[in-house]
Amino acid sequence: MSTLIEIEQATGQAFPPLFHQITAEGRADWGATGNLWFREVFPTLLAQPPLLLHANEFEPIALHELREAWEDLTAEDHYNPLREDLQLLPFARSGAGDTYCFWSNAPGFIEPPVLMVWHDDDRADVLAANLQDFLFRKMVEAVTELEAAYTTLVEGDLAANLQAWLGSHRGWLRDDQAAALEALFARTDDIAAGRISDEEAQALVTRVIGFPRLDESFAYVRT
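Structure (structure tokens):
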């Protein structure tokens, strides 16, 4: 199994310091996957949720699979070959097979912004200026227009799950981000009833982590 440092040496790229911290803390791992994960592993994670446990369309790539994910994304025979001027480090996937990546050579950024690289389209979306902002965005979106059938937040007590999630992530967030989430997560009745609208959530995201390239899309496939 490659360490993050070994992957960095192999790729000539660098993961953000916060990702190193989360990985070193063992918080980027959701435990052994498989058919019994939800029944046997998930309940043990609720007291101190690991990285974005309750986020929509998010599943971290296990440490032992990170290098393989990078090799697959950058393979010469990939069905969507990556542009030569883009340096990306995959770190998570959506349920649909799209990939969250750190854009490690993005011009004009101190830390790598987070992209969503679509597997079935020549499109990459700029989701956040850095990992810290990405965490905030995904936590806001997790309570937007909540539907019980599509979220793990209602497994048990919603209010307790929200507070445990914020508590386990607070140290990775800025103070203003944590305060905004604290105020949002306190609205348990509104969240449970699905009354946090997409418009309200996106306004909050823009206010707290907005920057000129937020939600910009561009082509990533080599021509």
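Residue numbers for the sequence shown follow the working numbering, beginning at 8 and rising by one. Note that beta-carbon positions come from the ideal geometry of N, C-alpha and C, so glycine has one too. Nothing here was measured: the structure is a model prediction, and the numbers come from that model.
Selection from Pro67, Tyr227 and Ala185 that minimises the alpha carbon distance to Gly102: On the sequence shown, position 95 is the one that residue 102 refers to. The shortest Cα separation from Gly102 among Pro67, Tyr227 and Ala185 belongs to Pro67.
Collapsed DSSP secondary structure at Val161 in the structure displayed: For this step, residue 161 is matched to residue 154 along the sequence shown. Of the three classes helix, strand and coil, the one that applies to Val161 here is coil, per DSSP.
Boundaries of the alpha helix (DSSP H) in which Ala2 is found, first to last residue: The structure shown does not extend to residue 2, since the chain is modelled only from 8 through 230, so no value can be given for it.
Cβ-Cβ separation, Leu73 to Trp37 (assumed contact under 8 Å), whole Å: On the sequence shown, position 30 is the one that residue 37 refers to. On the sequence shown, position 66 is the one that residue 73 refers to. With 8 Å as the limit, Trp37 and Leu73 do not qualify as a contact, their Cβ atoms being about 14 Å apart.
Distance, Gly201 Cα to Ala76 Cα: Numbered from its first residue, the sequence shown carries residue 76 at position 69. Numbered from its first residue, the sequence shown carries residue 201 at position 194. Those two C-alpha atoms are separated by around 35 Å.
Residues of its chain near Ala62, where Cβ-Cβ distance is below 8 Å and the 5 sequence neighbours each way are ignored: As a first step, residue 62 is located in the sequence shown; it is residue number 55 there, counting from the start. The residues are Lys145, Met146, Glu148 and Ala149.
Burial state of Pro219, where buried means 16 or more other Cβ atoms lie within 10 Å: Position 212 of the sequence shown, counted from the start, is the residue given in the question as residue 219. The residue in question, Pro219, is exposed, as its Cβ has fewer than 16 Cβ neighbours within 10 Å.
Through-space distance from Pro50 to Leu43, alpha-carbon basis: Counting from one through the sequence shown, the residue named residue 43 turns up at place 36. Counting from one through the sequence shown, the residue named residue 50 turns up at place 43. Cα to Cα, the separation comes out at about 11 Å.
Any non-hydrogen atom of the ligand SAH closer than 6 Å to Ala199 Cβ: In the structure shown, the ligand SAH is absent, as is every other ligand, since no ligand is present at all.
Bridge-paired residues (DSSP) for Glu66: In the sequence shown, counting from the first residue as 1, residue 66 sits at position 59. Per DSSP, Arg100.
Option in Pro88, Leu80, Val124 and Arg34 with minimal Cα separation from Thr18: Position 11 of the sequence shown, counting from 1, holds the residue named residue 18. Comparing Cα positions, the closest option is Leu80.
Ala185 and Arg194 closer than 7 Å at C-beta: Within the sequence shown, numbered from 1, the residue matching residue 185 stands at position 178. Within the sequence shown, numbered from 1, the residue matching residue 194 stands at position 187. Taking 7 Å as the cut-off, the Cβ atoms of Ala185 and Arg194 do not count as close.
First through last residue of the beta strand (DSSP E) which encompasses Leu134: Translated into positions along the sequence shown, residue 134 becomes position 127. That run of the beta strand (DSSP E) goes Ala131 to Ala135.
Expected contact under 8 Å - CB spacing of Phe109 and Leu95 to nearest Å: To locate residue 109, count along the sequence shown from 1; it is residue 102. To locate residue 95, count along the sequence shown from 1; it is residue 88. That belief holds up - the Cβ atoms of Phe109 and Leu95 are roughly 7 Å apart, short of 8 Å.
Assigned secondary structure, Phe45 (DSSP; H/G/I helix, E/B strand, else coil): Here the question's residue 45 lines up with position 38 in the sequence shown. The answer is helix: DSSP assigns Phe45 an H, G or I state.
Beta-carbon proximity check, Leu58 vs Ala35, cutoff 7 Å: In the sequence shown, counting from the first residue as 1, residue 58 sits at position 51. In the sequence shown, counting from the first residue as 1, residue 35 sits at position 28. Yes.
C-alpha gap between Ser175 and Gly41, whole angstroms: Residue numbering aside, residue 175 sits at position 168 when the sequence shown is read from its first letter. Residue numbering aside, residue 41 sits at position 34 when the sequence shown is read from its first letter. For Ser175 and Gly41, the distance between alpha carbons rounds to 24 Å.
Sub-7 Å separation of Tyr107 and Ala99 beta-carbons: Within the sequence shown, numbered from 1, the residue matching residue 107 stands at position 100. Within the sequence shown, numbered from 1, the residue matching residue 99 stands at position 92. Taking 7 Å as the Cβ cut-off, Tyr107 and Ala99 qualify as a contacting pair.
Where the alpha helix (DSSP H) containing Phe22 begins and where it ends: The residue labelled residue 22 in the question sits at position 15 within the sequence shown. It is not in any alpha helix (DSSP H) - Phe22 carries neither H nor E in the DSSP assignment.
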